[in-house]
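Asker: Below is a structure I'd like to ask you about.
There are 2 protein chains.
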Amino acid sequence: MAKFDPDLNLIFQALSDPTRRAMLARLGKGAVPVSELARPTGLALPTVMRHLSVLEEAQLIATEKTGRTRLCRARPDTLAATADWLEEQRAIWEGRADRLEAYVMKLMEQGDAGKS
Amino acid sequence: MAKFDPDLNLIFQALSDPTRRAMLARLGKGAVPVSELARPTGLALPTVMRHLSVLEEAQLIATEKTGRTRLCRARPDTLAATADWLEEQRAIWEGRADRLEAYVMKLMEQGDAGKS
DNA sequence: ATCAAACTTAGCCATATCGCTAAGTATCAC
DNA sequence: GTGATACTTAGCGATATGGCTAAGTTTGAT
Chain A
4 MAKFDPDLNL IFQALSDPTR RAMLARLGKG AVPVSELARP TGLALPTVMR
54 HLSVLEEAQL IATEKTGRTR LCRARPDTLA ATADWLEEQR AIWEGRADRL
104 EAYVMKLMEQ GDAGKS
Chain B
4 MAKFDPDLNL IFQALSDPTR RAMLARLGKG AVPVSELARP TGLALPTVMR
54 HLSVLEEAQL IATEKTGRTR LCRARPDTLA ATADWLEEQR AIWEGRADRL
104 EAYVMKLMEQ GDAGKS
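Those sequence lines, one after another, are chains A and B. Each residue of the first sequence is one higher than the one before, starting from 4 at the first, in the numbering used here. Each residue of the second sequence is one higher than the one before, starting from 4 at the first, in the numbering used here.
Quick look at the structure:
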């Protein structure tokens with residue numbers, strides 16, 4: 004299997020840009036080619052490509068080229084790992100046993116459902 | 004009540020630095036003055052101050068000066084809002100009704116427990 | 001009154017980021 | 001094969017980021 008190690012530096016950096024978050028939201032509705040992802044942004048194509056490569060390096064998306072078009076799709080596993088980090092911090096910060104418990108429960112639930 | 008509007012740009016940007024995440028983790032164990040937060044980083048104080056101001060502008064921490072020391076504490080509400088955004092995206096990306104349901108349940112739970 | 005402690009401000013340097021345009025390369029349609 | 005389509009690469013400029021040192025400022029202790 005491919006190694007999956009999310010880098011929080013890259014992930015959060017990628018998420019810090021509204022254009023990229025908009026792209027991710029768009030990808031939530033399904034995989035799309037680069038040009039379609041670019042259209043609503045109004046940005047030049049090289050600029051969009053750059054955003055995409057940031058997202059891909061952060062493993063938030065995966066892309067695949069077929070013919071002359073490149074299809075982009077979201078990678079929920081990375082987002083899940085990120086959500087887990089936040090949830091963990093939240094549990095600690097709130098200092099509440101029930102949140103910690105809920106977090107553990109969710110981890111177990113994922114172990115059951117999240118693996119392919 | 005004080006206006007609370009989390010800015011995801013600032014938040015994710017703040018979270019993208021490992022030094023700042025380490026500081027947040029440290030604050031999970033309780034409020035501490037600047038110098039104590041600085042010590043484990045090995046960074047110069049002005050550098051640390053800068054990190055702190057980034058965290059504070061993102062509303063991830065709050066600080067309060069008493070005498071000549073400034074005390075820093077975490078702001079779980081902002082982290083919670085961020086976790087919610089991620090959870091929402093995850094629910095969409097995974098395209099699964101049960102995740103969406105779990106998310107809504109959590110929202111309700113927070114509505115019950117999270118308000119001051 | 002003096003001195004150390006704990007920030008704080010100002011400013012410098014190196015690198016990274018976000019936008020662009022111009023000029024490639026590689027399909028696909030005819 | 002000609003031309004259009006869909007990226008891709010190269011490189012520029014403005015601004016932001018993350019580190020530093022040096023020189024304040026404000027308190028607390030003596």
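Glycine included, every Cβ here is placed at the ideal spot set by N, Cα and C.
1. Which chain A residues sit within Cβ distance under 7 Å of B/E97?
2. Work out the CA separation of A/A41 and B/A86 for me, nearest whole Å.
3. Might you give, ordered along the chain, the residues of its own chain that have their beta carbon closer than 7 Å to the beta carbon of B/I14, omitting 5 neighbours on each side?
4. Might you give, ordered along the chain, the residues of its own chain that have their beta carbon closer than 8 Å to the beta carbon of B/L24, omitting 5 neighbours on each side?
5. Measure from the C-beta of A/A41 to each C-beta in chain B and report whether the shortest distance is under 9 Å.
6. Identify whether A/P49 lies in helix, strand or coil by the three-state DSSP scheme.
7. A/D8 CB to nearest chain B CB: under 9 Å?
8. Tell me the DSSP secondary structure of B/P43 in three-state form.
9. Any heavy atom of the ligand COA closer than 8 Å to the CB of A/T44?
10. Does the distance from the C-beta atom of A/R93 to that of B/P79 stay below 9 Å?
11. Could you pull the start and end residues of the beta strand (DSSP E) that B/R73 belongs to?
12. Count the other CB atoms within 10 Å of the CB of B/A47; is the residue buried (16 or more) or exposed (fewer)?
13. Could you tell me the distance, in whole angstroms, from the CA atom of B/V35 to the CA atom of B/C75?
14. From which residue to which residue does the alpha helix (DSSP H) around A/A25 run?
15. Check each candidate in B/L55, B/E91, B/V37, B/L89 and name the one with the smallest Cα separation from B/G70.
16. Given a threshold of 16 other Cβ atoms within 10 Å of its Cβ, counted over all protein chains shown, does B/P9 qualify as buried or as exposed?
17. Using a beta-carbon distance below 9 Å, is A/A34 in contact with chain B?
Answerer: In this structure, then:
1. The residue labelled residue 97 of chain B in the question sits at position 94 within the second sequence. What B/E97 touches in chain A: P79.
2. Taking the first residue of the second sequence as 1, we reach residue 86 of chain B at position 83. Taking the first residue of the first sequence as 1, we reach residue 41 of chain A at position 38. B/A86 and A/A41: Cα-Cα distance of roughly 27 Å.
3. The residue given as residue 14 of chain B occupies position 11 in the second sequence. Shown here for B/I14: same chain residues with a beta carbon closer than 7 Å to its own, the five before and five after excluded, namely A61, L63, T81, T85 in chain order.
4. In the second sequence, residue 24 of chain B corresponds to position 21, counting from 1. Correcting the residue identity first, residue 24 of chain B is Arg in this sequence and not Leu. Taken in chain order, the residues that qualify are L18.
5. In the first sequence, the residue the question calls residue 41 of chain A occupies position 38. Residue contact check for A/A41 against chain B: no CB pair falls below 9 Å.
6. As a position in the first sequence, residue 49 of chain A is number 46, starting the count at 1. Reduced to three states, the DSSP call for A/P49 is helix.
7. Looking up residue 8 of chain A in the first sequence gives position 5. The beta-carbon of A/D8 is placed no less than 9 Å from the nearest beta-carbon of chain B.
8. Here residue 43 of chain B refers to the residue found at position 40 of the second sequence. Reduced to three states, the DSSP call for B/P43 is helix.
9. You won't find the ligand COA in this model; it holds no ligand whatsoever.
10. Within the first sequence, residue 93 of chain A is the residue found at index 90, counting from 1. Within the second sequence, residue 79 of chain B is the residue found at index 76, counting from 1. One thing to note: A/R93 has its Cβ within 9 Å of the Cβ of B/P79.
11. As a working note, residue 73 of chain B is residue 70 in the second sequence. Per DSSP, B/R73 belongs to the beta strand (DSSP E) from 72-77.
12. As a working note, residue 47 of chain B is residue 44 in the second sequence. Answer is exposed; the Cβ neighbour count stays below 16.
13. The count along the second sequence starts at 1 and reaches residue 35 of chain B at position 32. The count along the second sequence starts at 1 and reaches residue 75 of chain B at position 72. Spanning the alpha carbons of B/V35 and B/C75 requires a straight line of approximately 5 Å.
14. For this step, residue 25 of chain A is matched to residue 22 along the first sequence. A/A25: member of the alpha helix (DSSP H) spanning 21-30, first to last residue.
15. Looking up residue 70 of chain B in the second sequence gives position 67. Closest option to B/G70, Cα to Cα, is B/V37.
16. Residue numbering aside, residue 9 of chain B sits at position 6 when the second sequence is read from its first letter. By the C-beta density criterion, B/P9 is buried, having at least 16 other C-beta atoms within 10 angstroms.
17. Position 31 of the first sequence holds residue 34 of chain A. Not closer than 9 Å to any Cβ of chain B, the Cβ of A/A34 fails to qualify, so no.
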